[in-house]
Amino acid sequence: MGIGTGIGTGIGITEEHRALAHSVRGWLARAVPPGEVRKLLDAGSPAPCGVRPAYWEALAGQGLAGIHLPEEYGGGGGGLLDLAVVLEEAAYGSLPGPYLATALTGAVVRRATGAGAGDLVRGPHRDLVRDLLRGLAAGERTAALALTPGTLTATPAEGGHRLDGAAPPVLSGEAADLLLLPAAEASGGVLWFLVDAGAKGLTVRPHRSVDPTRPTAEVRADAVLVPAHRTLPLDSALVRDLAAVLLAADACGTAARSLDTAAEHARVREQFGRPIGAFQAVKHLCADMLVRLEQARALTWDAARAADEPSEVRELTAALAAATAPEAAYSCAKDAIQILGGIGFTWEHGAHLQLRRAVLARQLLGAASTTTCAPPASPRPGRAANSPSNSPPRPPATAQTPAPTSPPPGAWRPARPAVPSPPPATPPRTCPPRTGWARAPYNSSRSSRS
Numbered sequence: 150m151g152i153g154t155g156i157g158t159g160i161g162i163t164e165e166h167r168a169l170a171h172s173v174r175g176w177l178a179r180a181v182p183p184g185e186v187r188k189l190l191d192a193g194s195p196a197p198c199g200v201r202p203a204y205w206e207a208l209a210g211q212g213l214a215g216i217h218l219p220e221e222y223g224g225g226g227g228g229l230l231d232l233a234v235v236l237e238e239a240a241y242g243s244l245p246g247p248y249l250a251t252a253l254t255g256a257v258v259r260r261a262t263g264a265g266a267g268d269l270v271r272g273p274h275r276d277l278v279r280d281l282l283r284g285l286a287a288g289e290r291t292a293a294l295a296l297t298p299g300t301l302t303a304t305p306a307e308g309g310h311r312l313d314g315a316a317p318p319v320l321s322g323e324a325a326d327l328l329l330l331p332a333a334e335a336s337g338g339v340l341w342f343l344v345d346a347g348a349k350g351l352t353v354r355p356h357r358s359v360d361p362t363r364p365t366a367e368v369r370a371d372a373v374l375v376p377a378h379r380t381l382p383l384d385s386a387l388v389r390d391l392a393a394v395l396l397a398a399d400a401c402g403t404a405a406r407s408l409d410t411a412a413e414h415a416r417v418r419e420q421f422g423r424p425i426g427a428f429q430a431v432k433h434l435c436a437d438m439l440v441r442l443e444q445a446r447a448l449t450w451d452a453a454r455a456a457d458e459p460s461e462v463r464e465l466t467a468a469l470a471a472a473t474a475p476e477a478a479y480s481c482a483k484d485a486i487q488i489l490g491g492i493g494f495t496w497e498h499g500a501h502l503q504l505r506r507a508v509l510a511r512q513l514l515g516a517a518s519t520t521t522c523a524p525p526a527s528p529r530p531g532r533a534a535n536s537p538s539n540s541p542p543r544p545p546a547t548a549q550t551p552a553p554t555s556p557p558p559g560a561w562r563p564a565r566p567a568v569p570s571p572p573p574a575t576p577p578r579t580c581p582p583r584t585g586w587a588r589a590p591y592n593s594s595r596s597s598r599s
């Protein structure tokens, strides 16, 4: 049910987007076949730092590295929705490497320049931003960013700032030439710094990630000096929202691949003389997977289009996408393994790769409960505003009338909790066991009754 197939994609995108998705899927099948991804899984160890994938030059030649960057910097002039379509297809093909991290970093800087944040296109940042975007669009540079400061701190130093501490796990940090790192100030604010991966005092060490095709890395700074012109006045909320949208698009591709894998297996695998897809239990699983995928896609595309809207709209749509898409990818990957049966649990099958990518997306964005917002308190429909359930909270006790710590003598005291009665001497009569998923407990005394 991918975008390129034109099936199940009636909301949110145009025919041009479908043509783009079809082109990207065809190129991925030729440039990065499943065997290349399997090699990374079988290697068992993360790739060395600074090594780019073999397909990187061809990816830049297709215009995918800068599809979302301005034409004046060598990009394709597309929007965030175009990039979301490409990222979904890249995830569908299990594209390894730093493409998602590099595209996200470019999108952050591009949106900041488009919004005029801090006059990045003028003043001391002009040459830095120009060289960065041109290098990313041409495929000459790779980049990654940390979503939160972690323990990184920024202290004013001569000619710039000094960075100390460690960032949270950085996606594809080991393959990045440039790192966009947030650091906390003593005043409580957050500053963003563009740091070379080989800067003195900066240590980048790849993790043994749950997804070996796109490992995370530990980035630690020990007295790293960053010049003043490499301090970018970015909006942390904007970075968070863009990361949510693009990671949600990646999760949609993972969910789509899991759905297609499960549906294809349900069509060809036969049991009891007919395909297992003919059984309602399997049908319901596949239908639920499709519903979750379509919901996640609609929210992700809406969030991608709202990237240029006011911050209230952008934050709401990004939060909805972040709360829905990773969970859809995770549940679809688990259901696909359930439909595949025993073969889905093996290392040789690729189903576990989709589960790994879904788990990584959840780890980066957090659980759904951290991205959803509680609705504002309001009276329930049909109830008066001064009803007991909607009445305002009572004021706390004042010092003049302290709350008693224990009831006075002779006052009413709460009753002790009731002691549960012992079980009956004769166990309840139950039904004999049946074949099926649920079995009722068998009562042996039933056979002695007349």
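Counting in the numbering used here, the sequence shown runs from 150 upward without gaps. In this text, a Cβ means the ideal position worked out from N, Cα and C, and glycines have one as well.
From residue i to residue j, what distance separates their C-alpha atoms?
i, j, result
"A346", "T262", "23 Å"
"G370", "T380", "For the sequence presented, residue 370 should be read as Ala rather than Gly. C-alpha separation (whole angstroms): 16 Å."
"T449", "A397", "6 Å"
"L327", "L351", "12 Å"
"R532", "G309", "At R532, the pLDDT of 46 sits below 50, so the modelled position is not reliable; the number obtained from the coordinates is stated separately. Distance between the alpha carbons of R532 and G309: 59 Å."
"P537", "A447", "Reliability fails at P537, whose pLDDT of 45 lies under 50, so the model's placement of it is uncertain and the value that follows must be treated cautiously. Distance between the alpha carbons of P537 and A447: 40 Å."
"V462", "A455", "7 Å"
"G175", "L230", "20 Å"
"S172", "A415", "27 Å"
"E164", "W496", "38 Å"
"E221", "A430", "54 Å"
"L208", "R179", "12 Å"
"S243", "V319", "19 Å"
"W205", "G212", "11 Å"
"L489", "F428", "14 Å"
"F421", "I162", "42 Å"
"P355", "P376", "26 Å"
"D457", "L465", "13 Å"
"W341", "E334", "10 Å"
"A348", "R418", "55 Å"
"L383", "V258", "8 Å"
"E307", "R389", "30 Å"
"D409", "P247", "25 Å"
"G515", "D399", "15 Å"
"A168", "H378", "41 Å"
"G228", "C435", "32 Å"
"P424", "A411", "12 Å"
"G426", "L249", "35 Å"
"G255", "V181", "23 Å"
"A112", "Y241", "Past the boundaries of the shown model lies residue 112; the chain is included only from 150 to 599, so the question cannot be answered."
"S336", "R311", "15 Å"
For residue i, collect the residues of the same chain with a Cβ closer than 7 Å to its Cβ; drop the 5 residues on either side in sequence, then sort them by chain order.
i, result
"R511", "P475, Y479"
"P245", "V186, L189, P202, T362, R363"
"A392", "L253, L296"
"G226", "P219, E220"
"R279", "Y222"
"A470", "A393, V394, A397, L448, T449, A452"
"K432", "G426"
Excluding the five sequence neighbours on either side, which residues of its own chain have a C-beta within less than 6 Å of the C-beta of residue i, listed in chain order?
i, result
"I486", "G493, A500"
"G224", "G215, L218, A286"
"A404", "L442, A477, A478, C481"
"H498", "I492"
"H166", "V234"
"T521", "Note on T521: pLDDT 49, under 50, position unreliable in the model; no value is reported."
Go through its chain and collect everything with a Cβ distance to residue i's Cβ below 8 Å, but skip five positions before and after it.
i, result
"D313", "L301, T302, T304, A370, D371, A372, V373"
So what does residue i bridge to, in DSSP terms?
i, result
"P424", "E419"
"A306", "G309"
"P376", "G309"
"R369", "A315, T352"
"L294", "L329"
"L140", "Coverage of the chain is limited to positions 150 through 599, which leaves residue 140 absent and any answer about it impossible."
Mind reading off the beta-carbon distance from residue i to residue j? Whole number of angstroms is fine, and I expect it under 8 Å.
i, j, result
"L282", "A252", "Not quite, the Cβ-Cβ distance comes to about 12 Å (not below 8 Å), so this is no contact."
"A324", "V200", "7 Å"
"L509", "S358", "7 Å"
"G322", "A366", "3 Å"
"A445", "C401", "5 Å"
"R275", "G284", "No, R275 and G284 are not in contact; Cβ-Cβ is about 15 Å, not under 8 Å."
"V353", "L330", "In fact, because the Cβ distance is near 11 Å, the residues do not count as touching under 8 Å."
"S385", "V339", "5 Å"
"A316", "V394", "Not confirmed; about 21 Å, so no contact."
"R260", "L387", "6 Å"
"L177", "E238", "7 Å"
Length-filtered (3 minimum) beta strand (DSSP E) runs lying within the segment 320-367: If we require 3 residues or more, the beta strand (DSSP E) runs fully inside the segment 320-367 come out as 327-333, 339-345, 351-355.
Continuous alpha helix (DSSP H) assignments of at least 4 residues falling wholly in the segment 175-208: Counting only runs of 4 or more, we get 183-192.
Uninterrupted alpha helix (DSSP H) stretches inside the segment 432-508 (no shorter than 4 residues): Contiguous alpha helix (DSSP H) elements confined to the segment 432-508 occur at 460-489, taking only those with 4 or more residues.
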